[in-house]
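> Here's a structure for you.
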Amino acid sequence: MSIIFYHSISIYYLIFLILIQYSLSISNFKFSSTTTLQRFLFDEQTQTIIVVSVNRLYKLYSTNLSILAEIDTSSTFTNTELCTTIIGRANVTTTSININPVHYFSINSYLFNNQLTNNSAYNQLLLLTPSNDLLVCSTSNRGTCQLRSSSNLTLIESSSSRVVSTNIHYSTFGFIGNDSILYTAVTYDSSCDSFYEIPALSGRSLSLKSTTFLKIFNHLSNDLHSSSYSLRFVNNRIAREFPVHYLYGFEHRLFTYFLTIQELDIQQQQQHYYNHYSRTSSSQNSGKKLLTKLVRFCQKTQQAPIKSYVELPLTCKSLSSNYYPYLVTAYFVNENENSRLYGVFRNTTTSSINNTSHAICLFSMKFIRENIFQTIKNCVVDGIGQRGLGFI
64 MSIIFYHSIS
74 IYYLIFLILI
84 QYSLSISNFK
94 FSSTTTLQRF
104 LFDEQTQTII
114 VVSVNRLYKL
124 YSTNLSILAE
134 IDTSSTFTNT
144 ELCTTIIGRA
154 NVTTTSININ
164 PVHYFSINSY
174 LFNNQLTNNS
184 AYNQLLLLTP
194 SNDLLVCSTS
204 NRGTCQLRSS
214 SNLTLIESSS
224 SRVVSTNIHY
234 STFGFIGNDS
244 ILYTAVTYDS
254 SCDSFYEIPA
264 LSGRSLSLKS
274 TTFLKIFNHL
284 SNDLHSSSYS
294 LRFVNNRIAR
304 EFPVHYLYGF
314 EHRLFTYFLT
324 IQELDIQQQQ
334 QHYYNHYSRT
344 SSSQNSGKKL
354 LTKLVRFCQK
364 TQQAPIKSYV
374 ELPLTCKSLS
384 SNYYPYLVTA
394 YFVNENENSR
404 LYGVFRNTTT
414 SSINNTSHAI
424 CLFSMKFIRE
434 NIFQTIKNCV
444 VDGIGQRGLG
454 FI
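In the numbering used here, the protein residues as written are 64 to 455.
This is the structure we're talking about:
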């Protein structure tokens with residue numbers, strides 16, 4: 064079941080206000096950064112706040128926001144060239160970095176405020192590991208990550224593998240599961256990842272050994288093209304023409320879930336993604352139909368995600384039958400039988416505030432599990448409908 068909350072969007076803007084400003088305040092205390100703030104997290108163990116901005120990483124004392132540690136992240140990377148190709152009209156690409164996309168898809172659209180500069184480190188992922196170290200992933204160094212001490216921000220280990228998108232307009236989401244595996248979901252960008260090095264979905268090791276740090280888990284399989292715990296689309300062309308934007312992720316009962324915005328399926332034949340970046344109003348409805356989907360696969364590193372991969376559409380609808388089809392962000396609350404998923408939705412894919420409204424919907428995980436079970440039963444047991452998922 065889904066429940067809609069009215070007049071709740073102020074909560075959403077309050078949550079993200081910190082991310083689009085240069086400063087944050089608690090009571091009479093204020094912290095300011097010289098560059099735009101992007102992400103933050105609260106470390107309960109040390110009662111500190113970790114803040115990442117463009118080219119900067121801070122550790123703050125939570126009670127008065129005083130700076131306990133600070134580093135320049137741009138100086139820690141050997142390659143900070145920013146990949147910023149944006150898909151434009153008529154299949155023409157541009158490498159202008161001062162572009163504010165018309166369509167929001169990723170939360171990143173709110174984070175840069177037309178101030179993108181080359182040779183800068185833009186954060187894509189900020190997490191606390193089970194050992195209470197910081198995992199920091201950015202667009203620099205071809206989308207690799209660093210493990211840093213949460214006490215003084217010093218470097219512990221760097222990954223040799225590409226993990227996140229190097230294009231800030233393409234989404235990356237990741238979380239660390241109870242099995243101490245990093246689960247990542249990355250929107251494919253052919254301009255910045257022409258050899259498809261970064262899979263759409265993957266499970267990665269947090270081992271501190273340099274040979275295995277953030278490497279994708281491998282398994283033995285005779286009937287799959289890949290022997291790793293990852294999922295790629297059929298080929299680069301499909302990945303390019305069928306963009307999937309990953310906006311949130313969580314785990315529940317030994318399954319990994321990601322929330323996406325994507326087209327209905329690969330079989331749709333109209334002009335696709337390019338129209339969705341056009342600034343002309345006439346093209347806003349000429350592309351393929353976009354919708355929010357929930358993706359689920361099993362947390363078994365011995366088995367490729369494709370073996371258990373399932374998708375389920377999610378829609379936020381008001382009592383007056385107003386639809387809010389497009390997810391902005393979400394939050395999962397894990398409370399056993401009462402586990403639930405909150406989603407912030409909007410009624411348009413454009414970033415214009417004209418005629419744009421939002422709503423927050425609540426989904427019971429029991430309801431979601433039952434619908435996934437029924438979907439699998441209809442397809443596999445009863446032979447009803449089509450398998451779909453032609454892109455994998």
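All residues carry an ideal CB built from backbone N, CA and C; glycine is no exception.
1) In chain order, which beta strand (DSSP E) runs of at least 3 residues are fully inside the stretch 382-409?
2) From the DSSP output, in three-state form, read off residue 334 for me.
3) Pick helix, strand or coil for residue 349, following the three-state DSSP scheme.
4) How many Å lie between residue 373 and residue 218 at the Cα?
5) Under DSSP, the alpha helix (DSSP H) around residue 437 begins and ends at which residues?
6) If I measure Cβ to Cβ from residue 419 and keep anything under 7 Å in the same chain, skipping five residues before and after, which residues do I get?
7) Using beta-carbon positions only, say whether residue 226 and residue 211 come within less than 7 Å of one another.
8) How big is the Cα-Cα spacing for residue 120 and residue 276?
9) Can the beta-carbon of residue 247 be found closer than 7 Å to that of residue 187?
10) Given a cut-off of 7 Å, decide if residue 128 and residue 92 are closer than it, judged by their beta-carbon atoms.
11) How should residue 311 be labelled, buried or exposed, when 16 other C-beta atoms within 10 angstroms of its C-beta is the threshold for buried?
12) Tell me the rounded alpha-carbon separation between residue 356 and residue 326.
13) Look up residue 340 in the DSSP assignment and say whether it is helix, strand or coil.
14) Quick check on residue 271: buried or exposed, where buried means 16 or more other Cβ atoms within 10 Å of its Cβ?
15) Starting from the C-beta of residue 378, find all residues in its chain whose C-beta is less than 6 Å away, skip the five residues before and the five after it, and write them out in chain order.
16) Tell me the DSSP secondary structure of residue 211 in three-state form.
17) Using the C-alpha atoms, what's the distance from residue 307 back to residue 253?
18) Rounded to the nearest angstrom, what separates residue 371 and residue 401 at their Cα positions?
19) Output yes or no for whether 7 Å exceeds the beta carbon distance between residue 294 and residue 322.
20) Per DSSP, what are the beta-bridge partners of residue 95 in this structure?
21) Since residue 376 sits in a beta bridge, which residues does DSSP pair it with?
22) Quick one: does the C-beta of residue 278 sit closer than 6 Å to a heavy atom of the ligand SAH?
23) Just the C-alpha distance for residue 134 and residue 122, rounded to the nearest angstrom, thanks.
24) Quick check on residue 122: does DSSP put it in helix, strand or coil?
25) Can residue 233 and residue 207 be called in contact, C-beta distance under 7 Å?
26) Which runs of the beta strand (DSSP E) fall wholly inside the stretch 183-250 and span at least 3 residues, in chain order?
27) Could you work out which residue in 353, 324, 359, 291 is closest to residue 314 when comparing CA atoms only?
28) Going along the chain, which residues of its own chain have a beta-carbon closer than 7 Å to the beta-carbon of residue 286, five neighbours each way excluded?
Here's the rundown:
1) 389-396, 403-409
2) As a working note, residue 334 is residue 271 in the sequence shown. Caution is warranted here: a pLDDT of 41 is assigned to residue 334, below 50, making its placement in the model unreliable, and no coordinate value can be reported.
3) The residue given as residue 349 occupies position 286 in the sequence shown. Low local confidence applies: a pLDDT of 45 at residue 349 is under 50, so the model's placement there is unreliable, with the coordinate-based value given in what follows. Residue 349: coil per DSSP, three-state reduction.
4) Counting from 1 along the sequence shown, the entry for residue 373 is found at position 310. Counting from 1 along the sequence shown, the entry for residue 218 is found at position 155. Going from the Cα of residue 373 to the Cα of residue 218 covers about 38 Å.
5) Taking the first residue of the sequence shown as position 1, residue 437 is located at position 374. Taken as a continuous stretch (DSSP letters only), the alpha helix (DSSP H) holding residue 437 covers 428-439.
6) Position 356 of the sequence shown, counting from 1, holds the residue named residue 419. The answer, listed in chain order, is 409, 410, 411.
7) Stepping through the sequence shown from its first residue, residue 226 is reached at position 163. Stepping through the sequence shown from its first residue, residue 211 is reached at position 148. Against a cut-off of 7 Å, the Cβ pair of residue 211 and residue 226 comes out as no contact.
8) On the sequence shown, position 57 is the one that residue 120 refers to. On the sequence shown, position 213 is the one that residue 276 refers to. Approximately 22 Å, taken between the alpha carbons.
9) Within the sequence shown, residue 247 is the residue found at index 184, counting from 1. Within the sequence shown, residue 187 is the residue found at index 124, counting from 1. Contact flag unset, no.
10) As a working note, residue 92 is residue 29 in the sequence shown. As a working note, residue 128 is residue 65 in the sequence shown. Against a cut-off of 7 Å, the Cβ pair of residue 128 and residue 92 comes out as a contact.
11) Taking the first residue of the sequence shown as position 1, residue 311 is located at position 248. Residue 311 is buried by the Cβ-count criterion.
12) The sequence position of residue 356 within the sequence shown is 293, counting from 1. The sequence position of residue 326 within the sequence shown is 263, counting from 1. Whole-angstrom Cα-Cα distance: 9 Å.
13) By 1-based counting over the sequence shown, the position of residue 340 is 277. Annotation note: pLDDT 34 at residue 340 (below 50); position unreliable, no value reported.
14) Taking the sequence shown and counting its residues from 1, the one referred to as residue 271 is at position 208. Exposed, by the Cβ-count rule.
15) For this step, residue 378 is matched to residue 315 along the sequence shown. Answer for residue 378: 388, listed in chain order.
16) Counting from 1 along the sequence shown, the entry for residue 211 is found at position 148. Residue state, collapsed to three classes: strand.
17) Counted from its first residue, the sequence shown places residue 253 at position 190. Counted from its first residue, the sequence shown places residue 307 at position 244. Cα to Cα, the separation comes out at about 13 Å.
18) Start at 1 with the first residue of the sequence shown, and residue 371 comes out as number 308. Start at 1 with the first residue of the sequence shown, and residue 401 comes out as number 338. If I take the Cα positions, the gap works out to 24 Å.
19) Locating residue 294 in the sequence shown gives position 231, counting from the first residue. Locating residue 322 in the sequence shown gives position 259, counting from the first residue. No, they are not a contact pair.
20) Taking the first residue of the sequence shown as position 1, residue 95 is located at position 32. Residue 95 pairs with 86.
21) Here residue 376 refers to the residue found at position 313 when the sequence shown is read from its first residue. In DSSP, residue 376 forms a bridge with 356.
22) Absence of the ligand SAH from the depicted structure is noted, as is the absence of any ligand whatsoever, leaving it without description.
23) The residue given as residue 134 occupies position 71 in the sequence shown. The residue given as residue 122 occupies position 59 in the sequence shown. Straight-line Cα distance between these residues: approximately 9 Å.
24) Locating residue 122 in the sequence shown gives position 59, counting from the first residue. DSSP places residue 122 in strand when its eight states are reduced to three.
25) Mapped onto the sequence shown, residue 233 falls at position 170. Mapped onto the sequence shown, residue 207 falls at position 144. No, Cβ-Cβ distance for residue 233 and residue 207 is not below 7 Å.
26) 186-191, 197-201, 208-211, 218-221, 235-239, 244-249
27) The residue labelled residue 314 in the question sits at position 251 within the sequence shown. Nearest of 353, 324, 359, 291 to residue 314, Cα basis: 359.
28) Here residue 286 refers to the residue found at position 223 when the sequence shown is read from its first residue. With a pLDDT of 43 at residue 286, under the threshold of 50, the modelled position of that residue is not reliable, and the figure given next carries that caveat. Here the set comprises nothing.
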